[in-house]
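Visitor:
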Amino acid sequence: MIIGIGGRSRSGKTTLAETLVWHFRAQNKRAIALHQDDFVKILHDIPLIRDRTDWETPESIDFELLRKATGFLHQDFEVLVIEGVLAFVDDDLNALYDFCFFTHISEETFRIRKAADTRWGEEPVWYINHIWESFLKYGQPPQELKNLMIIDGEKPYQMGEIVEFLRHFDK
């Protein structure tokens, strides 16, 4: 089973991915999470916006490598969980997903959480605006995405509902 998780920056995608991995491992299934951030291209291959690396564009991710890793790991793992802001931008990757989750948060919550995120230092307001606009452009789940569940990323996850959504494969 391959699960895709997309959503806005700071919406809880990684938390959900890790929670699902541990859930499946508790069911004695081999499960692993792949984080899109681990498949970024080398810096000189990523476009710039003003004086900054534009991490928010599909051109920043090596989707070919991510698809290859997915195929390789799927040979040995029963469950792969792939998460990232751009998780649903690549049609070939979308075709591999058996189930998808989209973690939704409001713009206000995004801005509050992003302001509190100091992992890379303080981000200028224009770049936070760019992150939001890029998400609206690239991060929305496409209409044709199969087996999609939208999750409220502003509340604690309801694992019972999530497990029920996956119930046919959770034996």
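Just so it is clear: in the sequence shown, position 57 is 57 by the UniProt record's numbering, and no numbers are missing. C-beta: ideal position from N, C-alpha, C; glycine also.
Who does residue 119 pair with in a DSSP beta bridge?
Guide: 121
Visitor: Please name the residue or residues paired with residue 64 in a DSSP beta bridge.
Guide: According to DSSP, which records beta bridges pairwise, residue 64 is partnered with nothing at all.
Visitor: So is residue 158 buried or exposed if we call it buried at 16+ other beta carbons inside 10 Å?
Guide: It is exposed - the Cβ of residue 158 has fewer than 16 other Cβ atoms within 10 Å.
Visitor: Under DSSP, the alpha helix (DSSP H) around residue 159 begins and ends at which residues?
Guide: 159 to 165
Visitor: Could you work out which residue in 9, 52 and 4 is closest to residue 113 when comparing CA atoms only?
Guide: 9
Visitor: Give a yes or no on whether the minimum CB-CB distance between residue 75 and chain C is below 8 Å.
Guide: Given the protein chain composition of this structure (a single chain), no chain C is represented.
Visitor: Is the beta carbon of residue 36 less than 8 Å from the beta carbon of residue 87?
Guide: yes
Visitor: Tell me the DSSP secondary structure of residue 54 in three-state form.
Guide: Assigned with DSSP and collapsed to three states, residue 54 falls in coil, not helix or strand.
Visitor: Which value, in whole angstroms, describes the spacing of the CA atoms of residue 51 and residue 44?
Guide: Put simply, the backbone Cα of residue 51 is about 13 Å away from that of residue 44.
Visitor: Just the Cα atoms here: how many angstroms apart are residue 140 and residue 40?
Guide: 20 Å
Visitor: Closer than 7 Å by C-beta to residue 147: which residues in its own chain qualify, once you throw out the five before and the five after it? Chain order, please.
Guide: 98, 99 and 100
Visitor: Taking all protein chains shown into account, do 16 or more other C-beta atoms lie within 10 angstroms of the C-beta of residue 125, making it buried, or fewer, making it exposed?
Guide: Exposed: under 16 other Cβ atoms inside 10 Å.
Visitor: Distance, Cα to Cα, residue 108 vs residue 115?
Guide: 11 Å
Visitor: For the region 52 to 67 against the region 90 to 97, are there 3 or more C-beta pairs whose distance is under 8 Å?
Guide: Result yes; three or more Cβ-Cβ pairs closer than 8 Å.
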